[in-house]
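Data first, discussion second: the structure below is written as structure tokens.
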Amino acid sequence: MKQHMVIDSPYGPLTLVADDGVLCGLYMVGQRHRPQEETFGERDDTLFGDVTEQLGAYFAGELKEFTVELRLEGTPFQRSVWDRLRQIHYGETRSYGELAHLLGNVGASRAVGLANGKNPVGIIVPCHRVVGANGGLTGYGGGLDRKQRLLDFESGAALF
């Protein structure tokens, strides 16, 4: 059974979605590949205590690694990409090609990009830490402005 709530963040409202009490979605307003609202289930503002606590600590600059339980639904390849994303440390970036290499398929950088774009739990699964081969910003489901702001925040260039 799915339930959701909406919290405020420095990046605008975030919709948290749980399936049987386990976080399965974190979506920004205007996010590409955002499911329809009616799929989020009933609203329950009591369900996400640990998640909201960790997000608050992250936005305060006090948390570098999330430990909340996740239920990520996707293909085996997508889940392997999302697992690799969680291994990119706070303040660091990797290119799509580097991730493809780490997955054992150097020619899969486009597939990595597509999987990255379908990440259902942004910020916590840090797809914003993936950049182009030259270090430049490339696509981000939440928008390039948000991606740049998240990277600046994690590098210490911008604090909230």
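Just so it is clear: in the sequence shown, position 115 is 1036 by our numbering, and no numbers are missing. Beta carbons are placed, not taken as given, at the ideal position from N, Cα and C, and that holds for glycine.
- Your pair P1041 and G946 checks out as a contact, with CB atoms roughly 5 Å apart and the cut at 8 Å.
- Burial is judged here by how many other beta carbons sit within 10 angstroms of a residue's own beta carbon; S1076 has fewer than 16 and is exposed.
- With contact defined as three or more Cβ pairs closer than 8 Å, the segment 999-1008 and the segment 954-970 are not in contact.
- Only buried fits M926, as 16 or more other CB atoms lie within 10 angstroms of its CB.
- Scanning its chain for C-beta atoms nearer than 6 Å, with the 5 sequence neighbours on each side dropped, one finds around V950 the residues G933, P934, in chain order.
- Here Y1017 carries a helix assignment [DSSP, helix/strand/coil].
- Secondary structure note for K1068: its alpha helix (DSSP H) is the uninterrupted segment 1065-1076.
- Residues of the same chain with a CB within less than 6 Å of the CB of T1059, apart from the 5 flanking positions on each side, are G1053 in chain order.
- For the pair of segments examined, the segment 1025-1037 was found not to touch the segment 967-981: the number of CB pairs separated by less than 8 Å stays below three.
- For a cut-off of 8 Å, the C-beta gap from P931 to F980 is around 6 Å, short enough to register as a contact.
- The beta carbons of I1045 and V989 sit about 7 Å from each other, so the pair counts as a contact at 8 Å.
- Of the candidates L944, H954, Y1017, the residue whose Cα lies closest to the Cα of G1056 is Y1017.
- By the CB criterion at 7 Å, D940 and R1000 fall outside the cutoff.
- Cα atoms of G982 and E959: separation of roughly 33 Å, rounded to the nearest angstrom.
- The beta carbon of V943 sits closer than 8 Å to those of E990, L991, R992, all from its chain and outside the five residues before and after it, given in chain order.
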